Amino acid sequence: MENYPKAFIYDLDGIITDTAEFHFLAWQKLADEIGIPIDRKFNEQLKGINRMDSLDRILKLGTSGRVLSDSEKMTLATRKNEYYLELIESINPSHILPGIELLLQKNKQQHIKIALGSASNNAPAILDKLQLTGYFDYIVDASKVKKGKPDPETFTTAAAALGVAPDECVGIEDAAAGVESINSAGMFSVAVGDVHHLAAADYLVEDTAQLIFEDIIAHYGKR
Ligand code: BG6
Ligand code: MG
Numbered sequence: 044m045e046n047y048p049k050a051f052i053y054d055l056d057g058i059i060t061d062t063a064e065f066h067f068l069a070w071q072k073l074a075d076e077i078g079i080p081i082d083r084k085f086n087e088q089l090k091g092i093n094r095m096d097s098l099d100r101i102l103k104l105g106t107s108g109r110v111l112s113d114s115e116k117m118t119l120a121t122r123k124n125e126y127y128l129e130l131i132e133s134i135n136p137s138h139i140l141p142g143i144e145l146l147l148q149k150n151k152q153q154h155i156k157i158a159l160g161s162a163s164n165n166a167p168a169i170l171d172k173l174q175l176t177g178y179f180d181y182i183v184d185a186s187k188v189k190k191g192k193p194d195p196e197t198f199t200t201a202a203a204a205l206g207v208a209p210d211e212c213v214g215i216e217d218a219a220a221g222v223e224s225i226n227s228a229g230m231f232s233v234a235v236g237d238v239h240h241l242a243a244a245d246y247l248v249e250d251t252a253q254l255i256f257e258d259i260i261a262h263y264g265k266r
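Per my numbering, residue 44 is the first one in the sequence shown, and the count goes up by one each step.
What follows is the structure in structure tokens.
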């Protein structure tokens with residue numbers, strides 16, 4: 044146990060389940076409707092970013108130049124969330140990404156605390172649908188922070204609630220904004236995805252099946 048971290052803090056969308064894809068599909072539908080089409084490349088900039096900031100990033104792509112009022116923006120963001128809610132309606136435990144439940148079990152066996160560090164308002168409901176809520180000692184969702192990712196607040200809030208120092212935490216993310224958040228919180232960052240977007244991570248794997256507890260510990264020990 045010498046060099047074990049004391050907490051693992053997990054991102055939700057794109058790490059625990061593939062809701063990152065559903066966020067993209069819902070934004071794409073809305074963006075098409077308002078005449079500002081988006082593609083997967085642009086979507087990398089939306090990963091990890093909260094709802095209103097994501098909308099602002101899409102609107103900035105538009106060329107009409109008209110500035111929307113807060114209530115117009117709220118209407119659009121609500122519509123996107125309705126599309127998203129339709130997509131996640133039938134989520135169940137079969138949608139947990141490979142390797143994740145085993146990693147959570149290993150955390151528990153080793154008495155390592157577990158938190159969620161998500162930018163999503165929908166995070167608690169999704170954890171419930173996946174029947175994973177019982178693993179988590181603390182949940183940070185959009186309602187718990189003032190500054191979203193890439194600000195460190197999501198991860199520092201989780202660590203403080205768990206009573207663990209940042210340098211004894213491992214954070215796991217699929218978004219560049221999330222890795223920046225973990226790194227600036229002073230934690231060990233593990234990223235899942237493409238080196239092109241996630242080169243800032245301390246340890247990078249290609250997919251969640253490669254999130255092997257012993258490998259993460261070995262890399263954490265070498266930091
Ligand atoms: C993050 C996703 O986890 O949550 C973003 O990576 C999403 O794509 C954000 O925009 C906010 O989610 P929600 O459910 O509050 O709209
Ligand atoms: Mg994510």
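Think of the CB as a built atom: it goes at the ideal place given N, C-alpha and C, for glycine as much as any other residue. All figures in this text were calculated on a predicted structure; none of them were measured in a lab.
Anticipated Cβ contact below 8 Å, residue i with residue j, distance rounded
| i | j | result |
| --- | --- | --- |
| Ala166 | Leu55 | 5 Å |
| Tyr248 | Met230 | Note that residue 248 corresponds to Val in the displayed sequence, not to Tyr. With a Cβ gap of about 17 Å, Val248 and Met230 do not count as contacting. |
| Thr251 | Ile143 | 6 Å |
| Pro48 | Tyr263 | 6 Å |
| Ile77 | Leu119 | 7 Å |
| Ala243 | Asn226 | 6 Å |
Residue of the options minimising C-alpha distance to residue i
| i | options | result |
| --- | --- | --- |
| Val233 | Leu254, Glu76, Ser227 and Ser161 | Leu254 |
| Lys84 | Ala220, Arg266 and His240 | His240 |
| Gly206 | Lys156, Leu111, Phe65 and Asp75 | Lys156 |
| Glu216 | Gly91, Asn46 and Lys116 | Gly91 |
| Ser224 | Leu170, Ala204 and Gly160 | Gly160 |
| Lys151 | Ala50, Glu76, Lys265 and Arg266 | Ala50 |
| His138 | Asp210, Gly57, Asp237 and Lys265 | Gly57 |
| Lys189 | Asn164, Tyr178 and Gly177 | Asn164 |
| Ile134 | Ala168, Ala203, Ala204 and Phe198 | Ala168 |
| Ala162 | Trp70, Ala220, Glu211 and Ala243 | Ala220 |
| Ser112 | Leu98, Gly177 and Thr197 | Leu98 |
| Leu170 | Asp75, Val238, Ile131 and Tyr246 | Ile131 |
| Thr60 | Thr121, Gly105, Val110 and Leu140 | Leu140 |
| Arg266 | Asp194, Gln148, Ala158 and Asp210 | Asp210 |
Residue i beta carbon near the ligand BG6 (any heavy atom closer than 8 Å)
| i | result |
| --- | --- |
| His240 | no |
| Ile59 | no |
| Ser232 | no |
| Leu97 | One detail in the question is off: residue 97 reads as Ser in this sequence, not Leu. Result yes, Cβ under 8 Å from the ligand BG6. |
| Arg94 | yes |
| Ala162 | yes |
| Lys123 | yes |
| Tyr127 | yes |
| Ala185 | yes |
| Lys84 | no |
| Ala228 | no |
| Ala337 | Residue 337 lies beyond the stretch modelled for the chain, which goes from 44 to 266, so this question has no answer here. |
| His154 | no |
| Ala158 | no |
| Asn165 | yes |
| Lys116 | no |
| Glu138 | Glu is not the amino acid found at residue 138; the sequence shown has His there. No, the Cβ of His138 stays beyond 8 Å of every heavy atom of the ligand BG6. |
| Lys72 | no |
| Leu89 | yes |
Own chain, CB closer than 7 Å to residue i, minus 5 neighbours either side, in chain order
| i | result |
| --- | --- |
| Pro267 | Residue 267 lies beyond the residue range present for the chain, which begins at 44 and ends at 266; the question has no answer from this structure. |
| Lys187 | Thr200 |
| Glu64 | none |
| Ile260 | Tyr47 |
| Val222 | Glu216, Ser232, Ala234, Leu241, Ala243 and Ala244 |
| Tyr246 | Val233, Ile259 and His262 |
| Asp194 | Ser224 |
Same chain, Cβ closer than 6 Å to residue i, five either side skipped, listed in chain order
| i | result |
| --- | --- |
| Phe67 | Asn86 |
| Leu146 | Leu254 and Phe256 |
| Lys72 | Tyr126 |
Residues near residue i in its chain [Cβ-Cβ closer than 8 Å; skip 5 each side]
| i | result |
| --- | --- |
| Arg100 | Gln88, Leu89 and Ile92 |
### Query
Can you pull every residue whose C-beta falls closer than 5 Å to some heavy atom of the ligand MG, listed in chain order?
Qualifying residues, in the order they occur: Asp54, Asp56, Gly57, Asp217 and Ala218.
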